[in-house]
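Trainee: Please read through the structure below; I'll follow up with questions.
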Amino acid sequence: MAEHRNQHPATFEDLVAEGASVPTEGWDFSWFEGRATEARPSWRYAVSMSERLGRASAVLDVQTGGGEVLDFALARVADNATGRAATAPASKPPLLTIATEGWPPNVAKATALLRPRGVAVVAAAEDDPLPFADGAFDLVVSRHPVRPHWDEIARVLQPGGTYFAQHVGPGSVFELVEHFLGPQPDGVRGARHPDRERAGAEAAGLDVVELRAERLRMEFHDIGAVVHFLRKVVWMVPGFTVEAYEQRLRELHERIRTEGPFVAHSTRHLFEARKPDTRHLFEARKPDTRHLFEARKPD
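Position in the sequence shown (from 1) plus 127 gives the number in my numbering.
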């Protein structure tokens, strides 16, 4: 990995120019190989998602990005269905799979990637109501949504349906955020807290069945990786441009050059919730009226 990094331009200007020129569409982070690292959550979200896809009939992936995670999960289901994943439990692809995405470049990328798998990609802004009927899906998934809209998630789930997601947690990568923006208030640092999200899900009528959180080490090995990361994950430093933050970038470049990788920590939580199936509560018990029509036997 070190040898790979040494092949990259060494000057501040060259590193920044490289980080500023890399396309940011989708959620493919392979460009960071040798330049930044991030530990992964222990629960292996994409693999766990594939297991649930194999048991579902109608699936919605909310804010799919470039469709990479859904594509991986569906490929794993397809491999299992054709016998190429012998160790996985028996499964088959869902009858219906739809994905939403709000950023036009990602819509195009996700469509190209997912259409061969029979997935319809619907352009839908993050804060708009989901353009689907009530109770349309038995599984809703999402990896790193900007914010979960619990009322809409609950509405489109069938009774007994499941929401299975990996969310970004509170204070994620704030070592980097606060280098550029300075100390953040508690309200900002505490946003996305899993306890708040639990309360939001329950207020929408969902039962939270699993909630796990982890804090994960990240390392940035050069300033080009920082620039590309902040361009790609735009909510970290809103309005980030190289020109606006050149001085802070130079300071961080010198720090990395003299002290080694810049260390930050991401936070993630696994969220699984279920919509209660209350249909049986409204099924009226039919009275037994057969005796009303039985002919009375004569004495």
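For each residue, glycine too, the CB sits at the ideal point set by N, CA and C.
Model, not experiment: these values are computed from the prediction.
Just how far apart, CA to CA, sit phenylalanine 389 and serine 299?
Mentor: Rounded to whole angstroms, phenylalanine 389 and serine 299 show a C-alpha spacing of 15 Å.
Trainee: Mind checking which residues open and close the alpha helix (DSSP H) that includes arginine 323?
Mentor: 321 to 330
Trainee: Going by DSSP, what residues sit across from serine 393 in a beta bridge?
Mentor: Leu343
Trainee: In its own chain, which residues sit with a C-beta less than 7 Å from the C-beta of glycine 193, not counting the 5 before and 5 after it?
Mentor: Glu152, Gly153, Trp154, Asp155, Asn233, Lys236, Ala237, Leu240
Trainee: Tell me the residue span of the beta strand (DSSP E) that contains glutamate 165.
Mentor: 163 to 165
Trainee: Look up serine 218 in the DSSP assignment and say whether it is helix, strand or coil.
Mentor: coil
Trainee: Nearest-angstrom Cα distance between leucine 201 and leucine 223?
Mentor: 12 Å
Trainee: When the Cα atoms are used, what is the spatial distance from aspartate 198 to tryptophan 277?
Mentor: 25 Å
Trainee: Which word fits aspartate 313, buried or exposed, when buried means at least 16 other C-beta atoms lie within 10 angstroms of its C-beta?
Mentor: exposed
Trainee: With which residues is tyrosine 436 paired in a DSSP beta bridge?
Mentor: Since the first residue shown for the chain is 128 and the last is 426, residue 436 is missing from the structure and cannot be characterised.
Trainee: To which residues does DSSP link isoleucine 350 through a beta bridge?
Mentor: Bridge partners of isoleucine 350: none, in fact.
Trainee: Could you give the first and the last residue of the continuous beta strand (DSSP E) run that contains glutamate 228?
Mentor: Per DSSP, glutamate 228 belongs to the beta strand (DSSP E) from 223 to 228.
Trainee: Which value, in whole angstroms, describes the spacing of the CA atoms of lysine 402 and valine 196?
Mentor: 24 Å
Trainee: For leucine 180 versus proline 221, is the C-beta spacing smaller than 8 Å?
Mentor: yes
Trainee: Using a threshold of 8 Å, state whether the C-beta atoms of valine 369 and phenylalanine 307 are closer than that.
Mentor: Contact: no.
Trainee: Do you know how far the Cα of methionine 345 is from the Cα of valine 267?
Mentor: 29 Å
Trainee: Considering alanine 250, what are the terminal residues of the beta strand (DSSP E) in which it resides?
Mentor: 247 to 250
Trainee: What's the C-alpha gap between leucine 257 and serine 184?
Mentor: 19 Å
Trainee: In whole angstroms, what separates the C-alpha of valine 283 from that of leucine 343?
Mentor: 32 Å
Trainee: Put aspartate 198 into one of helix, strand or coil per three-state DSSP.
Mentor: helix
Trainee: Could you spell out where the beta strand (DSSP E) holding valine 186 opens and where it closes?
Mentor: For valine 186, the enclosing beta strand (DSSP E) stretches over residues 185 to 188.
Trainee: Do you know offhand how far leucine 338's Cα is from proline 231's?
Mentor: If you take the alpha carbons of leucine 338 and proline 231, they lie about 32 Å apart.
Trainee: Using only the alpha-carbon positions, how far apart do alanine 400 and arginine 358 sit?
Mentor: Computed Cα separation, rounded: 32 Å.
Trainee: Are histidine 294 and phenylalanine 398 close, meaning C-beta to C-beta below 8 Å?
Mentor: yes
Trainee: Around the Cβ of phenylalanine 347, are there at least 16 other Cβ atoms within 10 angstroms (buried) or fewer (exposed)?
Mentor: Buried, because 16 or more other Cβ atoms sit within 10 Å of the Cβ of phenylalanine 347.
Trainee: Does the distance from the C-beta atom of threonine 385 to that of proline 286 stay below 8 Å?
Mentor: no
Trainee: Under a three-way DSSP split, which group does leucine 376 fall into?
Mentor: Residue state, collapsed to three classes: helix.
Trainee: With DSSP as the reference, identify every bridge partner of leucine 338, one or two as the case may be.
Mentor: In DSSP, leucine 338 forms a bridge with Phe398.
Trainee: Relative to the alpha-carbon of serine 218, which residue among Pro272, Gly245, Arg203 has its alpha-carbon at the smallest distance?
Mentor: Ranking Pro272, Gly245, Arg203 by CA distance to the CA of serine 218 puts Arg203 first.
Trainee: If you check the beta carbons only, do valine 353 and glycine 146 fall under 8 Å apart?
Mentor: yes
Trainee: Should phenylalanine 301 and arginine 319 be called a contact, given that it needs their Cβ atoms to be closer than 8 Å?
Mentor: no
Trainee: Applying the 10 Å Cβ sphere with the 16-neighbour rule, what's the burial state of valine 189?
Mentor: buried
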